[in-house]
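Same order as they appear, the protein sequences are chains P and F. The first sequence begins at 1 in our numbering and counts up by one. The second sequence begins at 415 in our numbering and counts up by one. Glycine included, each C-beta is placed from N, C-alpha and C at the ideal position. All values reported here derive from a predicted model rather than from experimental measurement. Scroll down for the structure; my scribbles are underneath it.
Protein chains: 2
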Amino acid sequence: MITRDGGPQPADFADVRATNLAVVLRHVRTHSPCSRADIAATTGLNKATVSSLVTDLIDRRLVREVGMTENRIGRPAMMLVLDGSPYAAVGLEINTDYLTAVALDLAGERLLSWRRAFTGTPGQPGQAIASLAALARRAVSKLEREGRQVLGLTVAVPGLVDADGVVELAAGLGWQQVDLRKSLTAALGEPAYPLMVENDANLAVLAEQRLGDSAGVADLVYLTGGASLGAGIICDGRPLRGARGFAGEFGHLPLDPAGPSCTCGRRGCLEAYAGLGALIRQALPDVGIETALSPSEFGPHVDEIHRLAKAGDVQVLAALTDVGRHLGHALSLLTNLINPACVALGGYFTVLSPWLIPAATAELESRSVAANCGGTRLVASALDSSAAAAGGATRVLDAIDAGVLPPPRTAAAR
Amino acid sequence: MITRDGGPQPADFADVRATNLAVVLRHVRTHSPCSRADIAATTGLNKATVSSLVTDLIDRRLVREVGMTENRIGRPAMMLVLDGSPYAAVGLEINTDYLTAVALDLAGERLLSWRRAFTGTPGQPGQAIASLAALARRAVSKLEREGRQVLGLTVAVPGLVDADGVVELAAGLGWQQVDLRKSLTAALGEPAYPLMVENDANLAVLAEQRLGDSAGVADLVYLTGGASLGAGIICDGRPLRGARGFAGEFGHLPLDPAGPSCTCGRRGCLEAYAGLGALIRQALPDVGIETALSPSEFGPHVDEIHRLAKAGDVQVLAALTDVGRHLGHALSLLTNLINPACVALGGYFTVLSPWLIPAATAELESRSVAANCGGTRLVASALDSSAAAAGGATRVLDAIDAGVLPPPRTAAAR
């Protein structure tokens, strides 16, 4: 594939057949209904190759024929649409105070969306893994009862996750070196579908790009806004995970060596200014610090801050301006280093964005080396708190789009 | 092409034929000599397709046959190697005190490497463009006299360059909004080869990845070390330029709001601590500030600092430790956000790296959220001060590798 800038490619050679299957599948997804001749004309593949690829995709129940059309110039043609009705992609999220599950079909339509309260004991991952496994089993068996095959399951975790699915560090959960992928695979009895574990922000940005208002933006960042803050980054259409999967550690960018102390043990990190705990302490000083740090209490406090901001409460507006300013400062680091086209504010940032975005934009503008923030726009995400779980399901769909396809039906199964 | 992580792809469909030509060409580059059957076996392309693609590459004089081999199992096979002897890729660099030109053949061998002193008047780009054009004409006519066709020319500029080759800002040159690509194209009389303009660090990292010690590292950063500091970034094998081409503004990352004032008008930027001017002022305080700011004087000062450091001069060692510490602080921002596998220190950092790297590594370690600096290694670049120009030529070769091929010879030309 030719990159936007003609830059170097990884040295390994792609499986050209898989690539071409994925090219045809993506064409059908975006141009449905279309004919084999349409696909050949757009992709540059020859017609015989397209026919062979389409047959393969039909065998894999990813594409189906929907009848002839005559509403065209030339001969009537058999039209193709995305099928995928026998499939489902599943995403789970574990956070400090809740678990979520989302399932999508191949077209990105939601098949289920569940949320349940959860308060695990910090440092006791076993309990969390059992709860995640129970939720996964319920979701998978519901989907299987509906006749769907689960193509994959991805778990979103608020922390550093390596390429093997080991959670190196998840401060909010009190986890260190938890091999979540291995433990959950065992708890689910070695399921046939692939099971992946990934940082929550890295997944949420996939959902933002496929399902959100920023669909198709090639250089995109999604910020999780909660007790901890993370950035999911897509550059030139591809997720940026970094060499070990640790990219996007946004919350612990140091802003001021003389700043307030942070939960990570350093001083002046963004999270110490703009994490949800910091906002609550500043906007609602009557709330005790201990209460403000209890995640299960966050939701009502955000609602209260929102209500007071709309009513013009001076203290709350000052707190939001201060948080926005620090957010803009941290965003200037991001903009100077990776120059995204768009930053979508998720989590608690979304609902408070009418106050946060103006303050953040002003600070970003004053600190960006390039004029006009280097073109970076700040927007509120349209996704709700299921963004990371939806991103987990999206990641499974992305693997399909990239050519990791379910096998063809066997003759016996037809 | 399947990405490492199965992430989403840009929605446009690649030209599959061009992709496959590039796949075959890259195979010949890395596995030369090889047979058509070898290529088919490794790439998954069928043999008839490979034969057709190889014929095309031979027609374009990119690949040639070198005779049969019998030193194999099975039938003797016609072996193929990279040709490209009729081609050259050219890179130029303009900096505050010099111009360089580098030409490479298709295999990355150096055909010429020139350096000449240059001191343009700040804010007068016309003079610089005339000098660049003269250098380009000399290089191109030398290559053409040798029977080579120039495939492209890329100019490296220390500043913000947009996707159209407009230099938005190059503080060291005193440039703002200079349409260098257009002006240079006109000055060269609208040449037939493509002419590109790009940030110097973005190009140097391409040379580091293809020609340096970090060849093949998929997540790589190259730091230019001079009066100004920039970062060229490669993520997952591809250059990270950002939405408008402004990524890698490393020198103006703010480290401390109470820090020293910077040439950009802000306070506490990395450059105010670790730019070459800052190092000279700290290590050699007897050198007047005005002298230290004159780029043509930099070379001897770096040599002097190197000599004194080796001799154990206390003041110089303290200055290098301080610069290294600030460099490590800024690198922690880079590591937390993009998690590279390797950071290569270029420019003046290279020769002083024995003192800078230990201090920078200690600081980076203490500030990285992930353990062990998230796996990021700091190394001295093996490239000399022609790195950006070599990167300019490399960019032309990268375009060839990505499928932007020279046209086949016409029948008359054979």
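For the 9 angstroms CB-CB criterion, residue 764/F and residue 795/F form a contact. Shown here for residue 468/F: same chain residues with a beta carbon closer than 8 angstroms to its own, the five before and five after excluded, namely 438, 450, 453, 477, 494 in chain order.
According to the DSSP assignment, residue 168/P belongs to the beta strand (DSSP E) that extends over 167-170. If only complete runs of 4 or more residues are kept, the segment 171-258 of chain P shows the alpha helix (DSSP H) at 180-187, 200-211, in order along the chain. Straight-line measurement puts the Cα of residue 793/F at about 36 angstroms from the Cα of residue 551/F.
Nearest to residue 98/P by alpha-carbon distance, out of 106/P, 131/P, 76/P, is 131/P. Following the DSSP letters along the chain, one finds residue 113/P inside the beta strand (DSSP E) bounded by residues 110-117.
Bounds of any beta strand (DSSP E) do not take in residue 553/F; it lies within the alpha helix (DSSP H) bounded by 539-559. For residue 680/F, the secondary structure class from DSSP, reduced to helix, strand or coil, is coil.
Residue pairing by DSSP places residue 261/P opposite 267/P in a beta bridge.
Between residue 654/F and residue 398/P, the gap from beta carbon to beta carbon reaches 9 angstroms or more. Closer than 9 angstroms to the CB of residue 51/P there is not a single CB belonging to chain F.
By the Cβ neighbour-count rule, residue 149/P is exposed, with fewer than 16 other Cβ atoms within 10 Å of its own. Rounded to whole angstroms, the gap between the alpha carbons of residue 203/P and residue 151/P is 17 angstroms. For the set 779/F, 527/F, 523/F, the Cα lying nearest the Cα of residue 516/F is the one of 527/F. Identification of residues in the segment 447-473 of chain F having a C-beta nearer than 7 angstroms to some C-beta of chain P yields 456, 457, 458, 459, given in sequence order.
Nearest CB-CB separation between residue 167/P and chain F: not below the 9 angstroms threshold. Boundaries for residue 341/P: no alpha helix (DSSP H) harbours it, and the DSSP string shows neither H nor E there. Residues of chain F whose Cβ lies closer than 8 angstroms to the Cβ of residue 252/P are, in chain order, 750, 783.
At a beta-carbon threshold of 7 angstroms, the residues of chain P lying near residue 671/F are 256, ordered along the chain. Membership of residue 277/P in the alpha helix (DSSP H) is indicated by the continuous run 276-283. Contact between the segment 165-184 of chain P and the segment 116-123 of chain P is established, with three or more Cβ pairs separated by less than 8 angstroms.
For residue 316/P, the closest C-alpha among the options 304/P, 325/P, 333/P is that of 304/P. Between residue 205/P and residue 229/P, the C-beta gap is not smaller than 9 angstroms, which leaves the two residues out of contact. Here residue 449/F is bridged, per DSSP, to 493/F. In this structure, residue 271/P keeps its C-beta atom at 9 angstroms or more from the C-beta atom of residue 245/P. Of all residues in the segment 330-364 of chain P, those with a C-beta nearer than 9 angstroms to a C-beta of chain F are 332, 333, 334, 335, 336, 337, 338, 339, 340, 341, 342, reading in chain order. Among the residues facing chain P, residue 433/F is included, as its CB has a counterpart in that chain under 9 angstroms away. Cβ neighbours of residue 164/P within its own chain (closer than 7 angstroms, five residues either side excluded): 181. Residue burial is scored here from C-beta neighbours: residue 261/P has fewer than 16 other C-beta atoms within 10 angstroms and is therefore classed as exposed. For the segment 620-652 of chain F, the set of residues with a beta-carbon nearer than 8 angstroms to any beta-carbon of chain P comprises 620, 623, 624, 630, 632, 633, 645, 647, 648, 649, 650, 651, 652, in chain order.
For residue 713/F, no chain P residue has a Cβ inside 8 angstroms of its Cβ, as the nearest lies near 27 angstroms away.
Under the 9 angstroms criterion on CB atoms, residue 247/P is classed as interfacial with respect to chain F.
Taking 7 angstroms as the Cβ-Cβ cut-off, the segment 120-134 of chain P has no residue approaching chain F. For residue 767/F, the closest C-alpha among the options 779/F, 723/F, 728/F, 575/F is that of 723/F. Going by DSSP, residue 776/F is part of the alpha helix (DSSP H) stretching over 767-781.
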